[in-house]
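A.B. asks: Throughout the sequence shown, residue numbering follows the working numbering, covering -13 to 66 in sequence. Okay, handing you the structure first.
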Amino acid sequence: MEQWIASGTYKSWACEPDPHSQTLNSPHGRVRICSNPLLAASNGNVHPVGASSFKELYSGSSLIGYAVGVKVKAGTTADT
């Protein structure tokens, strides 16, 4: 995973332009979210298997970590 992050592949996905305060019930503070083509094309509908998001986590303007989400099976429950 570290090599994949270092390669910057996710930066070619549909990424938000700048970090922002997270909304809803997220435990993360400031984030910039990138969505792979499968997630970006789902337009908020049920996401297909393989849809992925990648978050850059920030403290102020400093990048401090990452979070990733991947749709692993069909469905709409939390275990998908």
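No residue lacks a Cβ here, since even glycine has one placed at the ideal position from N, Cα and C. Since we're looking at a predicted model, the values are computed, not measured.
Can you tell me whether Glu2 is helix, strand or coil according to DSSP?
C.D. replies: The answer is coil: DSSP assigns Glu2 none of H, G, I, E or B.
A.B. asks: Assuming contact is defined by CB atoms lying nearer than 8 Å, are Val54 and Ser28 in contact in what I supplied?
C.D. replies: No, the Cβ-Cβ distance between Val54 and Ser28 is not below 8 Å.
A.B. asks: Residues bridged to Tyr44 by DSSP?
C.D. replies: Arg16, Leu49, per the DSSP bridge assignment.
A.B. asks: Going by C-alpha distance, which of Ser48, Val17, Lys57 is nearest Leu24?
C.D. replies: Residue Lys57 is the option with its Cα nearest to Leu24.
A.B. asks: For Ala60, which residues in the same chain have their Cβ closer than 7 Å to its Cβ, ignoring the five residues on either side in sequence?
C.D. replies: Excluding positions up to five away in sequence, the list reads Val35, Thr66.
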